[in-house]
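Report on the structure given below.
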Amino acid sequence: MSADTNHSNSQDSPNSGASVDLSSRLDIDAQQVDHLPIVKAFADDLDLVETINRLVPTQMAVKPGLVVLALVLDTLTGRSPLYRLVDFYEGRDTELLLGERVPAGAFNDDTLGRVLDLLFETGTQKIFSQLAMNAVLKHGISTRAVHSDTTSVSVYGDYEVDKANPPPFEITQGYSKDHPPDLKQFLISTLCVADKVPIYGKNEDGNASDKKINHTLLSQISEHMAQFGVDEKAFIYIADSALVSPGNMEQLSGGQRFITRLPSTYAECRRVISETVAADKWGELGQLARTKPTAN
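Residues 9 to 304 in this note's numbering are what the sequence shown spells out, letter by letter.
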């Protein structure tokens, strides 16, 4: 968009004794940036680019932190195929969105592939944990309650496995919480603290058991929380009924505080419910949660 301004009439001048000639052409380039500057501001708040550049040293012309930020902005706009990322940044103001002027061609699939390999070699969990720590420490987020959960992600198509170089997790059929059971899937296990801020995330086999995932997390969580300066007895581990198993209870016997729900398969659960109903003595607990009304 451009505007052409031409003022040659001396009567328009605030100084009637001078002649002002503004016969210059003002070119304005208008671009639609949507929400991307806001995402960039959050990335800056987390020191995303600097943290990744520090953890993933490389001699590449385009630093890995900048590539990751470029991928984040694209993903939160709808996600382009990797080979189309060049098209996404064609004509965009990369200095505004990424902090420095970078040609769109720098985000070719060769560059993206090398950066993704470097991230994997460094350890995605290591990178994620450091970024989470940045957020927790900078904003004073409470780590008193640590919520554990898993979710299933369904996928389509065939996924062949190279036995000589097996993947870190297996895409296979398993119990699906939200999707058709005939689809293959993988699981994501997470730990979140206050305000649903994730501090841990890991991809798991599609048929992994929540009981076994909890067992693994319990063996690692004290060390993980120590990175945030939190003692093992200074937080409460919160999980659903999959936490309850003989092996997991033995791990928790060392003094780790936890909150869970006793499965109805246990006689003690049925006994407490039956006795409570029979006693018919109820107390007002107030509102435990608030959700939006469901559509009819």
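Just so you know, even glycine gets a beta-carbon here, dropped at the ideal spot from N, CA and C.
**Prompt:** Going straight from the alpha carbon of S253 to that of Q264, what length do you get?
**Reply:** Numbered from 1 along the sequence shown, position 245 holds the residue referred to as residue 253. Numbered from 1 along the sequence shown, position 256 holds the residue referred to as residue 264. Cα to Cα, the separation comes out at about 15 angstroms.
**Request:** Report the rounded CA-to-CA distance for A51 versus L77, giving the unit in angstroms.
**Result:** For the purposes of this step, residue 51 is identified with residue 43 of the sequence shown, where counting begins at 1. For the purposes of this step, residue 77 is identified with residue 69 of the sequence shown, where counting begins at 1. Cα to Cα, the separation comes out at about 8 angstroms.
**Prompt:** On the three-state DSSP scale, how would you describe G294?
**Reply:** In the sequence shown, counting from the first residue as 1, residue 294 sits at position 286. Coil.
**Request:** For R298, I'd like the list of residues in its chain whose CB is within less than 6 angstroms of its CB, leaving aside the five on either flank, ordered along the chain.
**Result:** Against the sequence shown, residue 298 aligns to sequence position 290. Contacts found: none.
**Ordered list of alpha helix (DSSP H) runs contained in the region 167-247, each at least 4 residues** = Runs of the alpha helix (DSSP H) inside the region 167-247: 218-234.
**Item:** Three-state secondary structure (DSSP) of A69
**Value:** For this step, residue 69 is matched to residue 61 along the sequence shown. The DSSP-derived three-state label of A69 is coil.
**Message:** Cutting at 7 angstroms between CB atoms, please list the residues of its own chain near R109, excluding the five before and the five after it.
**Reply:** Locating residue 109 in the sequence shown gives position 101, where the first residue counts as 1. Hits under 7 angstroms: T102 and E103.
**Asked** DSSP puts F266 in a beta bridge; with which residues?
**Response** Here residue 266 corresponds to residue number 258 of the sequence shown, with the count starting at 1. Listed as beta-bridge partners of F266 by DSSP are Y245.
**Asked** Considering only residues of the region 82-158, which uninterrupted alpha helix (DSSP H) runs meet the minimum length of 4 residues and lie entirely inside it, listed in chain order?
**Response** Scanning the region 82-158 from its first residue to its last, the whole alpha helix (DSSP H) runs of 4-plus residues come out as 93-97, 102-106, 117-130 and 132-147.
**Message:** Using C-beta distances below 6 angstroms, list every residue in its chain close to P206, excluding the 5 sequence neighbours before and after it, in chain order.
**Reply:** On the sequence shown, position 198 is the one that residue 206 refers to. The answer, listed in chain order, is T198 and C200.
**Message:** Need the endpoints of the alpha helix (DSSP H) that D53 sits in, please.
**Reply:** For the purposes of this step, residue 53 is taken as residue 45 along the sequence shown, with counting starting at 1. Start and end: L44 to D53.
**Message:** Since G182 and N215 should fall inside the 8 angstroms C-beta cutoff, what is the C-beta to C-beta distance between them, to a whole number of angstroms?
**Reply:** Your numbering for residue 182 matches position 174 in the sequence shown. Your numbering for residue 215 matches position 207 in the sequence shown. Right, their Cβ atoms sit about 3 angstroms apart.
**Stretch-stretch touch, CB-based, cutoff 8 angstroms, three pairs: the region 53-72 with the region 140-153** = Yes, since at least three Cβ pairs between the region 53-72 and the region 140-153 fall closer than 8 angstroms, the two stretches touch.
**Prompt:** Do you know how far the Cα of R152 is from the Cα of F266?
**Reply:** Against the sequence shown, residue 266 aligns to sequence position 258. Against the sequence shown, residue 152 aligns to sequence position 144. Distance between the alpha carbons of F266 and R152: 11 angstroms.
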